[in-house]
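Going by UniProt numbering, the letters in the sequence shown line up with residues 1 to 134, in that order.
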Amino acid sequence: MGKKKKAEKSTTAMTDVEWVIMNVVWEHEPCAAGTVQEQLADTHAWAYSTVKTTMDRMVTKGLLTRESIRNLNLFSAAVSPANAKRGELKRLLKRAFDGALTPMLQFIVDEEELSAEEIQQLRKLISRADRKSE
Numbered sequence: 001m002g003k004k005k006k007a008e009k010s011t012t013a014m015t016d017v018e019w020v021i022m023n024v025v026w027e028h029e030p031c032a033a034g035t036v037q038e039q040l041a042d043t044h045a046w047a048y049s050t051v052k053t054t055m056d057r058m059v060t061k062g063l064l065t066r067e068s069i070r071n072l073n074l075f076s077a078a079v080s081p082a083n084a085k086r087g088e089l090k091r092l093l094k095r096a097f098d099g100a101l102t103p104m105l106q107f108i109v110d111e112e113e114l115s116a117e118e119i120q121q122l123r124k125l126i127s128r129a130d131r132k133s134e
């Protein structure tokens with residue numbers, strides 16, 4: 001019997017702290033925890049040990065991979081930005097709108113002030129969706 005297939009990594013939820021760290025990793029990978037901590041020094045007063053511990057946990061969760069070269073641990077993303085966003089959006093859609101897309105879009109339109117450019121982009125997306133469904 002074959003191995004059980006792992007769940008797609010995009011289904012792994014990320015905390016706010018993990019999102020911050022992932023954004024740095026996506027920009028600088030492969031990178032050490034010290035690099036991440038330095039990149040975040042201006043916006044987050046996180047100690048090196050906090051960043052390193054969080055990144056180690058992210059490896060366990062399947063969000064990051066770690067390669068050890070001598071005494072240096074280099075981390076890379078195990079999930080793409082697109083897959084991470086897709087998973088996050090699907091969780092939000094399910095949790096807040098019971099999986100229904102139209103109420104979520106209605107909420108965004110009602111709650112946000114959309115620029116004329118954003119409205120035009122939405123119209124183009126709807127036109128593209130219409131063509132796909134034909």
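Glycine residues also receive a C-beta, built at the ideal position from the N, C-alpha and C atoms. Remember, it's a predicted structure, so these values are computed and weren't measured experimentally.
C-beta atoms of residue i and residue j nearer than 8 angstroms
{"i": "methionine 104", "j": "leucine 63", "result": "no"}
{"i": "glutamate 29", "j": "alanine 78", "result": "no"}
{"i": "residue 136", "j": "valine 59", "result": "Residue 136 cannot be examined here, being either before or after the span of the chain that is shown, 1 to 134."}
{"i": "threonine 12", "j": "lysine 61", "result": "yes"}
Proximal residues to residue i (C-beta, below 8 angstroms), its chain only, five neighbours per side dropped
{"i": "aspartate 16", "result": "none"}
Alpha-carbon to alpha-carbon, residue j and residue i
{"i": "tyrosine 48", "j": "asparagine 73", "result": "13 angstroms"}
{"i": "glutamine 121", "j": "phenylalanine 97", "result": "23 angstroms"}
{"i": "leucine 114", "j": "lysine 85", "result": "21 angstroms"}
{"i": "isoleucine 69", "j": "alanine 82", "result": "29 angstroms"}
{"i": "threonine 53", "j": "alanine 33", "result": "9 angstroms"}
{"i": "isoleucine 119", "j": "tryptophan 26", "result": "30 angstroms"}
{"i": "serine 127", "j": "glutamate 111", "result": "23 angstroms"}
{"i": "leucine 125", "j": "arginine 131", "result": "10 angstroms"}
{"i": "asparagine 23", "j": "arginine 57", "result": "16 angstroms"}
{"i": "valine 109", "j": "glutamate 117", "result": "14 angstroms"}
{"i": "glutamate 134", "j": "arginine 123", "result": "17 angstroms"}
Chain-order list of residues whose beta-carbon lies under 7 angstroms from that of residue i (same chain, five-residue window excluded)
{"i": "phenylalanine 107", "result": "none"}
{"i": "leucine 101", "result": "Leu93"}
{"i": "tryptophan 46", "result": "Gln37 and Leu40"}
For residue i, the nearest candidate out of the options (CA to CA)
{"i": "phenylalanine 75", "options": "Met55, Gly87 and Lys61", "result": "Met55"}
{"i": "leucine 40", "options": "Cys31, Arg57 and Ile21", "result": "Ile21"}
{"i": "tryptophan 19", "options": "Arg66, Ser80 and Glu38", "result": "Ser80"}
Whole-angstrom C-beta distance between residue j and residue i, which should lie under 8 angstroms
{"i": "glycine 99", "j": "leucine 93", "result": "6 angstroms"}
Sequence-distant residues of its chain with Cβ nearer than 6 angstroms to residue i (five each side left out)
{"i": "threonine 43", "result": "none"}
{"i": "arginine 66", "result": "Val59, Asn73 and Phe75"}
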